[in-house]
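Asks: In the numbering used here, the protein residues as written are 140 to 641.
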């Protein structure tokens with residue numbers, strides 16, 4: 140973590156997907172991270188792409204398996220075994236655990252370098268965005284590993300001190316607030332333009348996004364009774380700031396300019412759907428929806444299902460997560476695969492639309508579900524029902540379902556908000572359906588927090604009741620900073636929850 144040169148060089152390899160000339164120049168100048176010839180605009184694009192590649196790649200994959208969405212057919216029975224068996228030590232030694240840790244710190248170092256340069260140049264927009272995204276990553280690290288370095292992170296400290304998860308969460312919230320302050324004090328005309336591959340320099344959108352990140356972090360603490368006063372105080376600060384949250388149609392999407400060239404396609408498309416030649420990827424050939432997921436869409440007569448998966452003899456066929464046996468009904472050709480344009484008469488499908496589709500950092504539907512839950516819990520004023528319904532409508536829009544389908548869908552007892560006995564469970568259940576394979580890590584987070592939805596355990600779990608609670612610290616960190624990781628206590632995947640999981 141403290142090998143600065145190696146980290147910076149690693150960041151550059153994460154940034155090969157943006158087409159703009161400045162960004163390509165970054166890749167060609169690995170020895171000049173602070174060079175005046177590399178504008179802040181190039182660095183910001185690179186950092187944002189690094190973030191979304193991590194979120195839609197390894198992090199989303201872990202969440203999809205551990206959040207009840209994905210299993211594998213017979214072809215993949217021996218693949219992803221560390222995730223199917225919740226094998227913490229194996230994950231720690233292998234690339235899932237190491238990649239998330241190292242790539243997160245790589246991206247964070249890039250944001251830190253941008254922040255430092257921006258503060259020297261009084262470029263407040265860039266400083267503000269960097270602080271917000273650093274906060275995003277610190278929160279994500281805690282969600283996965285619990286205690287991590289904060290004050291000593293991204294410094295030359297050989298053994299950066301770890302801080303407990305609660306402390307890091309609160310410091311990350313303060314960092315995001317500082318980023319909002321920078322944005323609110325950005326002189327008119329000094330905002331970023333096209334180099335802001337999320338909001339094109341729209342300061343208000345960035346502030347709404349920052350507030351939504353903070354709301355997500357507060358919702359995460361909903362079951363920690365000792366945090367009630369802290370949550371109330373932070374909600375008050377957000378309300379006093381006044382910009383609100385991401386609303387209907389206001390998704391945080393990253394579009395760096397994907398190209399129809401190998402390695403330049405949208406990486407989610409290229410990894411989980413088809414390559415440049417149009418050949419179905421190995422992930423698409425192996426990964427399948429779980430039976431439980433298919434059943435939940437069917438239970439609600441959900442029109443999103445038809446845009447998500449192919450059929451087998453007119454039926455949607457899922458698999459059992461962690462199934463250790465090869466069975467005829469779990470053969471590749473007997474189970475439903477991801478649907479894209481090639482399986483949809485050339486039209487965009489739910490999550491695979493086109494090779495250059497923007498990558499999702501946070502969907503508006505997630506923001507609306509977060510707001511609905513906050514209102515239902517009495518944290519915010521407004522209509523939980525209205526926000527819940529808007530969230531479903533935005534999910535329909537993203538998954539290519541006609542707006543006209545909503546009324547009949549919402550009239551069903553299994554969907555209608557007023558008819559729900561447990562309205563928090565109803566909100567999280569619909570949120571789960573909306574985030575399927577898009578922001579899957581949030582499904583795992585919600586399950587750890589609330590137990591909703593109650594999807595079946597892996598058939599390959601160590602015991603019937605074993606569930607993954609966290610990642611162990613990666614082997615690379617144990618080898619270089621073991622004294623500090625030991626200070627955090629036991630980090631077993633099946634025994635030691637993160638601080639907000641109570």
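From the three backbone atoms N, C-alpha and C, an ideal C-beta is built for every residue, glycine too.
Quick check: residue 328 and residue 340, are their CB atoms within less than 8 angstroms of each other?
Replies: Taking the chain shown and counting its residues from 1, the one referred to as residue 328 is at position 189. Taking the chain shown and counting its residues from 1, the one referred to as residue 340 is at position 201. Not closer than 8 angstroms, so no.
Asks: Nearest CA to the CA of residue 82: which residue from 188, 540, 612?
Replies: An answer regarding residue 82 cannot be provided, because it is not within the stretch 140 to 641 covered by the chain.
Asks: May I ask you to verify whether the region 370-377 touches the region 521-529, counting CB pairs closer than 8 angstroms and requiring at least 3?
Replies: No, because fewer than three Cβ pairs between the region 370-377 and the region 521-529 fall closer than 8 angstroms, the two stretches do not touch.
Asks: What runs of the alpha helix (DSSP H), each 4 residues or longer, lie entirely inside the region 250-288?
Replies: If we require 4 residues or more, the alpha helix (DSSP H) runs fully inside the region 250-288 come out as 263-284.
Asks: Going by Cα to Cα distance, which pick from 188, 258, 429, 398 is closest to residue 598?
Replies: Position 459 of the chain shown, counted from the first residue, corresponds to residue 598. Checking every option, the nearest Cα to that of residue 598 belongs to 429.
Asks: Where does residue 149 sit, in a helix, a strand or coil, going by DSSP?
Replies: Against the chain shown, residue 149 aligns to sequence position 10. Note that residue 149 scores 38 on pLDDT, short of 50, meaning its location in the model is unreliable and no value can be drawn from it.
Asks: Please state if the CB of residue 576 and the CB of residue 83 are separated by a distance shorter than 8 angstroms.
Replies: The chain is shown from 140 up to 641; residue 83 falls before or after that span and cannot be answered.
Asks: Would you identify the three-state DSSP class for residue 196, choosing helix, strand or coil?
Replies: The residue given as residue 196 occupies position 57 in the chain shown. Residue 196 falls in the helix class under three-state DSSP.
Asks: Just checking my contact of residue 412 with residue 477 at CB under 8 angstroms: how many whole Å lie between their CB atoms?
Replies: For the purposes of this step, residue 412 is taken as the residue at position 273 of the chain shown. For the purposes of this step, residue 477 is taken as the residue at position 338 of the chain shown. Confirmed, about 6 angstroms.
Asks: Taking C-alpha atoms, which residue in 353, 253, 447 lies nearest to residue 483?
Replies: Sequence index remark: in the chain shown, residue 483 carries index 344 (1-based). Nearest option by C-alpha distance: 447.
Asks: So, with DSSP's three-state summary, where would you put residue 501?
Replies: Residue numbering aside, residue 501 sits at position 362 when the chain shown is read from its first letter. Residue 501: strand per DSSP, three-state reduction.
Asks: Could you check whether residue 503 and residue 386 sit closer than 8 angstroms to each other, using their CB atoms as the reference points?
Replies: Along the chain shown, one-based indexing puts residue 386 at 247. Along the chain shown, one-based indexing puts residue 503 at 364. Contact flag set, yes.
Asks: Please classify residue 514 as buried or exposed, where buried requires at least 16 other C-beta atoms within 10 Å of its C-beta.
Replies: One-based indexing of the chain shown puts residue 514 at position 375. Per the 10 Å Cβ criterion, buried.
Asks: Given this structure, state the Cα-to-Cα distance separating residue 197 from residue 259, to the nearest angstrom.
Replies: Along the chain shown, one-based indexing puts residue 197 at 58. Along the chain shown, one-based indexing puts residue 259 at 120. Going by the C-alpha atoms only, they are around 34 angstroms apart.
Asks: Identify, in the order they occur along the chain, each residue of the same chain with its Cβ nearer than 7 angstroms to the Cβ of residue 550, setting aside the five sequence neighbours on each side.
Replies: Within the chain shown, residue 550 is the residue found at index 411, counting from 1. Cβ within range, chain order: n/a, list empty.
Asks: Taking three-plus beta-carbon pairs below 8 angstroms as touching, is the region 226-234 in contact with the region 297-311?
Replies: No, the region 226-234 does not touch the region 297-311.
Asks: What is the residue span of the alpha helix (DSSP H) that residue 370 lies within?
Replies: Position 231 of the chain shown, counting from 1, holds the residue named residue 370. 367-380 is the extent of the alpha helix (DSSP H) around residue 370.
Asks: Are the Cβ atoms of residue 441 and residue 572 separated by less than 8 angstroms?
Replies: In the chain shown, counting from the first residue as 1, residue 441 sits at position 302. In the chain shown, counting from the first residue as 1, residue 572 sits at position 433. A contact, by the Cβ cut-off of 8 angstroms.
Asks: If we ignore side chains and look at the alpha-carbon of each, how far apart do residue 189 and residue 558 end up?
Replies: As a first step, residue 189 must be located in the chain shown, where it is residue number 50. As a first step, residue 558 must be located in the chain shown, where it is residue number 419. Cα-Cα distance, rounded: 43 angstroms.
Asks: Is the CB-CB distance between residue 500 and residue 268 below 8 angstroms?
Replies: Residue 500 sits at position 361 when you count from the first residue of the chain shown. Residue 268 sits at position 129 when you count from the first residue of the chain shown. Going by C-beta atoms, residue 500 is not nearer than 8 angstroms to residue 268.
Asks: Is it true that the region 238-258 meets the region 269-285, where meeting means three or more beta-carbon pairs spaced less than 8 angstroms apart?
Replies: Verdict: yes, contact present.
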